[in-house]
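Peer 1:
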Amino acid sequence: MTSVMWFRRDLRLRDHPALREAASRGPVLGLFVLDPTLWASAGHGRRAWLAATLRSLDESMDGRLCIRMGDPASLVPRVAKEVGADSVHVTNDSTPYAVARDKRVVEALPDGVEGVATSTPYVVAPGTIRNGSGSPYKVFTPYSRAWRQLDHDAPQQAPRGVEWVQADSDERVAGMFDEALADAPEGMLAAGEDAAARRLTAFLDADVADYDDARDDPGADRTSRMSAYLKLGVVHPRQLLAKLEGRNGDGPHTWETEVCWRDFYADVLHTNPESAWNDLNPVKGLTYDEPQDAIEAWKSGHTGFPIVDAGMRQLLHEGWMHNRVRMITASFLTKDLHVWWPLGARHFLDHLIDGDIASNNHGWQWVAGTGTDASPYFRVFNPITQGLKFDGGGDYVRRWIPELAHLPGKKAHEPWDAEDGYAHDYPRRIVDHAEERKVTLDRYQRGRD
């Protein structure tokens, strides 16, 4: 009998347990459902990355990927009936939105059509790791110790000889993808499984050994960028860990820890679904501001703080931002402008090609002081000293802020100290960081009392 393989966060053929299960039953229709609401809100980088990835998957399926646009609760059952399928296969997804969506789809499947969920997008499925009392971990370090003690399956090859079933795609999609790719960011990563494998090999050969030291330098940009492939499931994290086997030292250990953070935040969201858009650990009396002009300056990269502006411009241009700079820009919004973190988290998700709701939103809460960290309220990133420390040569700032390209070295981080610092119309600072830091600490202290 025919099966429908409904691709979501698993746009690959290799190491794909759900696809293997579907193919073991007979012919397979590969389906992707494009959500028009999410597409409309996505930035140009996010659209282009999805379009390129889906086209790569389609090529690997000999042009047989069916892409329909609309509500999965009506489309998936309709397609299953259209091709005479007796099962619809998916990779388990545990985000609050996905759980509700999948429940609606399963309830709408025609009689006799089975919904089959297999595996997980993570190394360890959310909800698996528990402490000695059977409760979920609330802090990363003990979770990571337990995570490292678990065995996980080895990656599998793509199933051979899949008989792909043909079904028409929505005729609007091809034009939408053409427009998205025409507007793709300059230097966008190559899409698809083979490109991801090449990128991973290059990173492991050249950069993983000293990743623990080099990862925080945004100008050098020696991170793996595998997060973009993980976001859409072009690779599975099992594949990353398998490639790390036999590599010892602080660099590989630190990179493995980053993979663990992804699992941890997914577990936190699974356990606390309300934390998708609400504080995991709210500070009851904490107050926020909504300075619209300052928020727009932050979004566009015109705050007058070079490292913040460089990061926000990179986000808009590339659909990506270096992780150290993500923390700096998030701290600026929440603790210099006193804005509640969901506004920033939504902006990031609209533009980041690797934007994952669990990692993104809990990362924002960690910075904001309302997340998983045990005592974070006093952490306020100084955007000036952070820039000088991690981009001391100013390369990152000059790359993204042409108004400061004439300033050498660390002067790019302190244009107010240079005679010609504002010669090319770079904006003045919109706030006094020292004063806003005092306001933040006072508000947090009063909120905790």
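Residues are numbered in this note's numbering as their position in the sequence shown, beginning at 1, plus a constant of 720. Ideal Cβ placement from N, Cα and C applies to all residues, glycine included.
Work out the CA separation of Tyr949 and Cys786 for me, nearest whole Å.
Peer 2: Rounded to the nearest angstrom, the two C-alpha atoms are 21 Å apart.
Peer 1: Suppose contacts are defined by Cβ-Cβ distances below 8 Å. Is Arg1157 in contact with Val1087 by that definition?
Peer 2: No, Cβ-Cβ distance for Arg1157 and Val1087 is not below 8 Å.
Peer 1: State the start and end residues of the unbroken alpha helix (DSSP H) segment that holds Thr1049.
Peer 2: Thr1049 -> alpha helix (DSSP H) spans 1043 to 1051.
Peer 1: Give me the Cβ distance between Ser1190 and Arg788, rounded to the nearest whole Å; I'm assuming they're in contact under 8 Å.
Peer 2: Residue 1190 cannot be examined here, being either before or after the span of the chain that is shown, 721 to 1169.
Peer 1: State yes or no: is the C-beta of Val753 within less than 8 Å of the C-beta of Val803?
Peer 2: Contact flag unset, no.
Peer 1: Locate the beta strand (DSSP E) running through Trp726, then write down its first and last residues.
Peer 2: Element bounds for Trp726: 722 to 727.
Peer 1: Sorted by chain position, which residues of the same chain lie with C-beta nearer than 7 Å to Asp1056's C-beta, five sequence neighbours on each side aside?
Peer 2: Correct list, in chain order: Val1151, His1153, Glu1156.
Peer 1: List the whole-angstrom C-beta distance separating Val833 from Asp806, where the pair is believed to meet the contact cut-off of C-beta under 8 Å.
Peer 2: With 8 Å as the limit, Val833 and Asp806 qualify as a contact, their Cβ atoms being about 6 Å apart.
Peer 1: Ends of the alpha helix (DSSP H) at Thr1023?
Peer 2: It is not in any alpha helix (DSSP H) - Thr1023 carries neither H nor E in the DSSP assignment.
Peer 1: Thinking just about the alpha-carbon of each residue, which of Arg784, Ile849, Met946 is nearest to the one in Pro726?
Peer 2: The sequence shown places Trp at residue 726, not Pro. That would be Arg784, whose Cα lies nearest to the Cα of Trp726.
Peer 1: Give the straight-line distance between the Cα atoms of Ala837 and Trp1120, rounded to the nearest whole angstrom.
Peer 2: If I take the Cα positions, the gap works out to 44 Å.
Peer 1: Would you kindly work out how many angstroms separate the C-alpha atoms of Pro972 and His736, rounded to a whole number?
Peer 2: Those two C-alpha atoms are separated by around 25 Å.
Peer 1: Once the 5 residues before and after Gly1005 are set aside, which same chain residues still bring their CB inside 7 Å of it?
Peer 2: If we look at Gly1005 and ignore the five residues flanking it on each side, its Cβ neighbours are Arg1166, Gly1167.
Peer 1: Ignoring anything shorter than 4 residues, give me the alpha helix (DSSP H) runs that lie fully in the stretch 906 to 994, in order along the chain.
Peer 2: Here the runs fully enclosed are 913 to 926, 931 to 934, 946 to 951, 957 to 964, 970 to 991.
Peer 1: Between Phe923 and Asp930, what straight-line distance do the alpha-carbon atoms span, to the nearest angstrom?
Peer 2: Cα to Cα, Phe923 sits roughly 11 Å from Asp930.
Peer 1: For the stretch 787 to 819, which segments carrying the beta strand (DSSP E) assignment without a break, of at least 3 residues, lie completely within its bounds, in sequence order?
Peer 2: Whole beta strand (DSSP E) segments, 3+ residues: 805 to 811.
Peer 1: Just to confirm my understanding: we take Arg740, look at its own chain, exclude 5 residues before and 5 after, and list those with CB closer than 6 Å. What are they?
Peer 2: Same-chain partners within the cutoff: Pro879.
Peer 1: For Val859, count the other beta carbons within 10 Å of its own beta carbon; 16 or more makes it buried, fewer makes it exposed. Which is it?
Peer 2: When all chains shown are included, Val859 counts as exposed.
Peer 1: Quick one: what's got a C-beta closer than 6 Å to Trp769's C-beta in the same chain, skipping five residues either side?
Peer 2: Cβ neighbours of Trp769 beyond the five flanking positions: Ile1073.
Peer 1: DSSP three-state call for Leu829: helix, strand or coil?
Peer 2: If DSSP states are grouped into helix, strand and coil, Leu829 belongs with coil.
Peer 1: Measuring CB to CB, does Gly1107 end up less than 8 Å from Gly939?
Peer 2: Contact: no.
Peer 1: When the distance is taken between beta carbons, is Arg729 closer than 8 Å to Ala900?
Peer 2: It is not a contact, given that the beta carbons lie outside the stated cut-off.
Peer 1: Taking buried to mean at least 16 other C-beta atoms within 10 Å of its own C-beta, is Phe1098 buried or exposed?
Peer 2: The residue is exposed, with fewer than 16 neighbouring Cβ atoms inside 10 Å.
Peer 1: Following the continuous alpha helix (DSSP H) through Phe1068, name the residue where it begins and the one where it ends.
Peer 2: Segment 1061 to 1071, the alpha helix (DSSP H) holding Phe1068.
Peer 1: Would you kindly report the start and end of the unbroken alpha helix (DSSP H) that includes Phe1110?
Peer 2: That run of the alpha helix (DSSP H) goes 1103 to 1110.
Peer 1: Please work out which residues of its chain come closer than 7 Å, Cβ to Cβ, to Val1172, disregarding the five sequence neighbours upstream and downstream, and give them in chain order.
Peer 2: With the chain covering 721 to 1169 only, the question about residue 1172 has no answer from this structure.
Peer 1: Verify the CB distance criterion: does Asp888 have a CB-CB separation below 8 Å to chain D?
Peer 2: Given the protein chain composition of this structure (a single chain), no chain D is represented.
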